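Following: one structure in structure tokens, then a few remarks.
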Amino acid sequence: MDIEALRSFLAFVETGSFTRAAKQSFRSQSAISMQMKKLEDELNTQLFTKDGRMLVLTEDGQRLATHATQIIATHDDALLELKNKLPQQTIHLGCPDDYAESILPYIVALLREEHPHISLQITCAPSVHLKGLLDSNRLDLAIVTRSPTSQEGYFLQTDKGIWVGSPHHDIVNQQPLPIVLFQRDCKFHSAAIEGLIKRNRHYQLVSCCISATANKGLVRQGLAISAMAKCSMPNDLIELIAPHLPSLPVVDIVLSLPSKPHLLLSPESINRMIDRYHCEQFATEKS
């Protein structure tokens with residue numbers, strides 16, 4: 002049996018629909034349907050049946066679910082054992098620059114725990130660019146943002162855009178308001194500009210760049226205020242709240258994989274990392 006077809010089958014078992022299974026497996030719904038048809042033909046049995054409007058497993062489908070879990074686990078264990086005997090593996094990881102100091106170190110630590118012998122090649126770029134690299138299979142894994150209504154990737158955490166400034170420079174009421182923002186395809190960029198325009202607040206865009214370090218440096222010097230993700234705000238800057246500052250959107254931060262994932266990055270491996278990430282975040286919030 003095709004191992005990837007079994008993974009897609011288990012994705013249906015976990016999600017309850019071909020649509021959600023397709024998103025979880027980074028495949029089209031038609032590709033999932035074809036895989037399931039081939040499985041049924043190979044096994045000469047029906048794996049799915051209709052229960053009202055719902056598609057559910059037959060008895061043979063339930064039996065296969067039990068075996069598929071064991072088969073995939075054995076397959077991945079064998080691959081991992083053999084891979085760890087080979088020369089050091091390189092994983093290409095992408096991360097937006099504004100999460101390079103906050104989320105990236107956690108993910109690197111979790112990857113190293115899961116695969117101690119790997120070497121990482123890290124690319125810092127906006128989420129839009131990283132998704133393009135994933136689509137062309139030039140990255141093995143990327144930390145990216147998605148809208149809260151999307152089901153893309155493996156969920157890490159929710160974050161909110163905030164306005165930040167220097168505690169030593171009171172410029173929030175300056176006219177025009179000096180601002181530094183990330184690139185134009187950043188959700189916070191458009192929300193900040195559109196919100197200020199709706200409030201008839203005059204502003205001056207001092208700088209627009211992809212570098213979080215540059216933005217924070219300009220804010221520290223009191224040259225401008227900025228809109229950024231809350232988890233990216235350094236301790237030496239402060240959150241700004243004022244009637245003329247528009248609210249900024251909420252985003253989900255996820256781990257996203259390409260259509261052809263690295264052999265070391267199995268769904269089971271990624272899920273273990275995600276579980277540990279959530280545990281660490283919960284412990285941090287409690288402390």
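The sequence shown begins at 2 in this note's numbering and counts up one residue at a time.
Note that beta-carbon positions come from the ideal geometry of N, C-alpha and C, so glycine has one too.
Note that the coordinates shown come from a computational prediction; the quantities given were computed from them, not determined experimentally.
- Sixteen is the threshold: when 16 or more other Cβ atoms of the shown chains lie within 10 Å of the Cβ of Leu94, as they do, the residue is buried.
- Spatial neighbours of Phe13 in its own chain (CB-CB distance under 7 Å, excluding positions within 5 residues in sequence) are listed in chain order as Phe19 and Ala22.
- Per the Cβ contact rule, the segment 143-157 is in contact with the segment 268-279 (3 or more Cβ pairs under 8 Å).
- In this structure, Ile92 places its C-beta atom within 8 Å of the C-beta atom of Leu121.
- The three-state reading of DSSP puts Asp77 in helix, counting H, G and I together.
- Between Ala230 and Ala193, the CB-CB gap reaches or exceeds 8 Å.
- Taking Val173 as the centre and dropping the five residues before and after it, the same chain places the C-beta of Gly166, Ile226, Leu241 and Ala243 closer than 7 Å to its C-beta, in chain order.
- Around the beta carbon of His190, a 10 Å sphere encloses 16 or more other beta carbons of the protein chains shown; the residue is thus reported as buried.
- Annotation note: the segment 198-275 contains the following uninterrupted alpha helix (DSSP H) runs of length 4 or greater, listed N- to C-terminal: 213-221.
- Taking all protein chains in view, the Cβ of Arg200 is surrounded by fewer than 16 other Cβ atoms within 10 Å, so the residue is classified as exposed.
- Of the residues Pro268, Glu269, Gln175 and Phe183, the one whose Cα lies closest to the Cα of Gly162 is Phe183.
- Where Tyr155 is concerned, there is no enclosing alpha helix (DSSP H), although the beta strand (DSSP E) around it starts and stops at Tyr155 to Gly166.
- Remark: three or more beta-carbon pairs, one from each stretch, lie closer than 8 Å, so the segment 128-148 and the segment 259-268 are flagged as touching.
- It is roughly 18 Å from the alpha-carbon of Ile104 to the alpha-carbon of Leu238.
- A distance below 8 Å separates the beta carbons of Met37 and Phe10.
- Taking all protein chains in view, the Cβ of Val57 is surrounded by fewer than 16 other Cβ atoms within 10 Å, so the residue is classified as exposed.
- Leu246 places its beta carbon 8 Å or farther from that of Tyr204.
- Taking Leu219 as reference, the option from Lys188, Cys187, His169 and Leu258 with the minimal CA-CA separation is His169.
- Going by DSSP, His130 is part of the alpha helix (DSSP H) stretching over Ser128 to Asp136.
- For Gln122, there is no enclosing alpha helix (DSSP H); the residue is found in the beta strand (DSSP E) stretching over Ser120 to Cys125.
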